[in-house]
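Residue numbers (the numbering used here), protein chains in the order written: chain R, 230 to 690; chain H, 230 to 690. Even for Gly, the Cβ is constructed at its ideal location relative to N, Cα and C.
This is the structure:
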């Protein structure tokens, strides 16, 4: 790539972005964070832990565990939702896979990063191993989320359009920052940790629809953890891993605005913009599901009444979730057609609605084939327009301006608790799930994260 | 990125590159390889092992080991040159760092990939653990080198110009292919392993001059090994990890020629183009060092006689190794000025010539300041023109058309043995080094690579 003069000047202005960020991370004290930022961090944790426990029995986790267990180390950290402990590196990978495998975790809507996966997977394992307090954990989690979302802002959408799965590529910085904070890195070590992170981006969008998508946040967690551990020992890296001419931002994106990383650090909190998914599929389909559920409830719709469903959606919906004839449950998450049909028939869009059985159900398949979709570039990403034509000639219509779970219509604490229980009760039972949920909300009084981790253990080896 | 029609058509023609490569890797039998290819593979192994043993005591290896040992698994594989065994993942990383830390390993000149590091580091550990024979090992090593060099050819130079350290980004495919071969993957599993590799590129050129550069081949080895192990258990990935619109080649390079990957597979052997470094620094400086040594020998030059040294070099020389005032031994490897000066004074350019002491030596610094260099885009990468002006008015001149160690002037077996001994004798002593070297050349009769690995152990923990 060549750099015109105007860009050269901009690059000079970007000097020191890595160090400014490192300085902020090292200097930050938990007491500096406003209460609403801390509470939102706890919401991110509750949502992430529910997803990780809920996904812990997925075949992807089983396969990865059986592949890697022969090489794992001592029992240092829990595999969430399972009756197993392993070394912190292996735990970070497997918990990261589990937390994303249902595509049900959190989303920073400006960048479509799923922030908690890479960060929490890394520091949950580290905190259990080192007996870190819940307050320190939440502080590091928030700093990690802030780091990856700001770095994501600096390169979105170009970086994502090229084909990077931004959760894995930006996530490694979040994991390195949070793990580095808990390891007590000094500023120079934090600069190196960010440099080591810059050299380990994970994830191509080409992998969407395969198990490798979930591998990305898990591997990003491991990479960030590795970066922080190496830096703590003095392993050197670039001073300008993010902003250098051949640093991460220039190499992985065609455009960048590095001021996004440093402007208002400690004042404007990007972590507040993390949102939680009410439905177990790609966020871009959520306005459609929300609208279908609203029409279903309002009109007591039955599949047999429906002649056709016409969707008008944001362009990304068909780009990311345009599978017309999904074959598996995982495929179904990338099908707006299946999602609309199953929501109308079953009145939900949780994990059960994306099972192989649901995707292969004849009634759902029949309705799916009556869904049509057109893109409308004028629509916001959290909006959708839906028309349902009935056999009796009626025409039902809804415009969803902001889907449930969006920044404008966030899930309530009750919504989060219901989602948590849906995911966790099947794994650890009602009583343990209730105790775990209480402990999560009360995490800032937890003196040792090993105690909270112990409460996540299930039956499965 | 958007794709014009002509490129769309080219992309359609590229369909199936990943599968064609996987098919070749799975179907290949050791007996299919011509003898000269097998012998060249053994040369690559001898050169790599010498570098890895020689580098085993470097602070970067010590730091990485102390950072990661607490999380390592059972004693499955040797840390080369040390008195330690660890799990195969940790061994792959540390041996990969050790093998590259002197910048003294091999080079595929068409792409500046250092091929053996990612591949051999992965499969040396795996082979020791699983008791693989030497013949199988060499076969897999050659396939891995073939894979990464062909993938490198497909995207070089654009991929490298953008800022990727191609050894780490292409190397992960080589490691996955070789490990996958030894694990006996079927074609579908090999496709997935290559897809998992595609999602884990390692290495920015921004890290050159820091310890993170050596981390790249080590991490690439781990990533490829992980990819193969996961795929062996059925962990799914893209069917077109290399060639898809959002696959590795399109995401990490502005231009690509995917036919390089598949054309003549099994007939044209890219692995034959692997070369070995006679000098312990970046390959681009080698023509200069070669010429300086030739002039020194021919004219019995003394530093005190020299008024000035004028270099005319390939543009990459100043781009990669243009440090005027290196401060450390590692810096010195990125300084054509230091390299010319130390070669003229000490008559060598081995690891000792890139110590901190050598770089800070007053006589060498004084001569270094009398070296000037200009670029000449007409020069080949393995050529250089040197003029030395003496105080007595004489003007010595040499044009190096092909540096020693280039494809046109390869190192002999004797050169390789001398280099091996220089590196290995200080670590394991004369007798063990001699026995190890014999075993390396005779690797195809080794029934169990654990026996050869045991011979690499040194004193250092």
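Three-state class that DSSP yields for residue i in the structure shown
i: residue 352/H; result: helix
i: residue 362/H; result: coil
i: residue 280/R; result: helix
i: residue 434/H; result: helix
i: residue 650/H; result: helix
i: residue 328/H; result: helix
i: residue 564/H; result: strand
i: residue 505/R; result: strand
i: residue 535/R; result: strand
i: residue 403/R; result: helix
i: residue 237/H; result: With a pLDDT of only 49 at residue 237/H, under the threshold of 50, the placement of this residue in the model should not be trusted, and no figure is reported.
i: residue 551/H; result: strand
i: residue 232/H; result: At residue 232/H, the pLDDT of 43 sits below 50, so the modelled position is not reliable; the number obtained from the coordinates is stated separately. Correct three-state label for residue 232/H: coil.
From the options, residue whose alpha carbon lies closest to that of residue i
i: residue 254/H; options: 357/H, 365/H, 467/H, 315/H; result: 365/H
i: residue 436/R; options: 458/H, 472/H, 413/H; result: 472/H
i: residue 413/H; options: 387/H, 427/H, 361/H; result: 361/H
i: residue 352/R; options: 543/R, 590/R, 499/R, 453/R; result: 453/R
i: residue 439/R; options: 439/H, 444/H, 457/H, 464/H; result: 464/H
i: residue 635/H; options: 659/H, 610/H, 619/H; result: 610/H
i: residue 606/H; options: 543/H, 408/H, 524/H, 470/H; result: 543/H
i: residue 682/R; options: 514/R, 261/R, 304/R; result: 304/R
i: residue 667/H; options: 656/H, 649/H, 679/H, 532/H; result: 649/H
i: residue 278/R; options: 310/R, 300/R, 292/R, 529/R; result: 310/R
i: residue 557/R; options: 459/R, 587/R, 485/R, 433/R; result: 587/R
i: residue 246/R; options: 395/R, 339/R, 421/R; result: 421/R
i: residue 181/R; options: 392/R, 294/R, 337/R; result: Examination of residue 181/R is not possible in this model, given that chain R is present from 230 through 690 alone.
i: residue 680/R; options: 388/R, 306/R, 653/R; result: 306/R
i: residue 692/R; options: 686/R, 596/R, 662/R, 633/R; result: Outside the displayed range of chain R (230 to 690) lies residue 692/R, so it cannot be described from this structure.
i: residue 415/R; options: 429/R, 457/R, 386/R; result: 457/R
Distance, residue j Cα to residue i Cα
i: residue 419/H; j: residue 466/H; result: 10 Å
i: residue 248/H; j: residue 357/H; result: 29 Å
i: residue 640/R; j: residue 296/R; result: 37 Å
i: residue 284/H; j: residue 427/H; result: 29 Å
i: residue 462/R; j: residue 578/H; result: 30 Å
i: residue 468/H; j: residue 383/R; result: 31 Å
i: residue 232/H; j: residue 478/H; result: In this predicted model, residue 232/H has a pLDDT of only 43, less than 50, meaning its place in the structure is not dependable; the value taken from the coordinates is given anyway. Rounded to whole angstroms, residue 232/H to residue 478/H spans 14 Å at the Cα level.
i: residue 576/R; j: residue 594/R; result: 16 Å
i: residue 492/H; j: residue 380/H; result: 12 Å
i: residue 614/H; j: residue 568/H; result: 15 Å
i: residue 476/R; j: residue 540/R; result: 42 Å
i: residue 675/R; j: residue 299/H; result: 25 Å
i: residue 377/H; j: residue 496/H; result: 16 Å
i: residue 689/H; j: residue 517/H; result: 36 Å
i: residue 581/R; j: residue 559/R; result: 11 Å
i: residue 572/R; j: residue 548/R; result: 21 Å
i: residue 433/R; j: residue 334/R; result: 19 Å
i: residue 660/R; j: residue 282/R; result: 15 Å
i: residue 672/H; j: residue 392/R; result: 43 Å
i: residue 407/R; j: residue 373/R; result: 5 Å
Residue i - partner residues in DSSP beta bridges
i: residue 626/R; result: 616/R
i: residue 603/H; result: 541/H
i: residue 466/R; result: Residue 466/R pairs with nothing; no bridge assigned.
i: residue 342/R; result: 337/R
i: residue 314/H; result: 307/H
i: residue 302/H; result: 302/R
i: residue 421/H; result: DSSP lists no partner for residue 421/H.
Integer Cβ distance of residue i from residue j, believed to fall under 8 Å
i: residue 330/R; j: residue 404/R; result: So it is not a contact: roughly 18 Å between Cβ atoms.
i: residue 494/R; j: residue 269/R; result: Residue 494/R to residue 269/R, Cβ: 17 Å. No contact.
i: residue 327/H; j: residue 266/H; result: Rounded, the Cβ-Cβ distance is 26 Å, inconsistent with contact.
i: residue 402/R; j: residue 423/R; result: 6 Å
i: residue 550/H; j: residue 338/H; result: About 16 Å separates the two Cβ atoms, so there is no contact after all.
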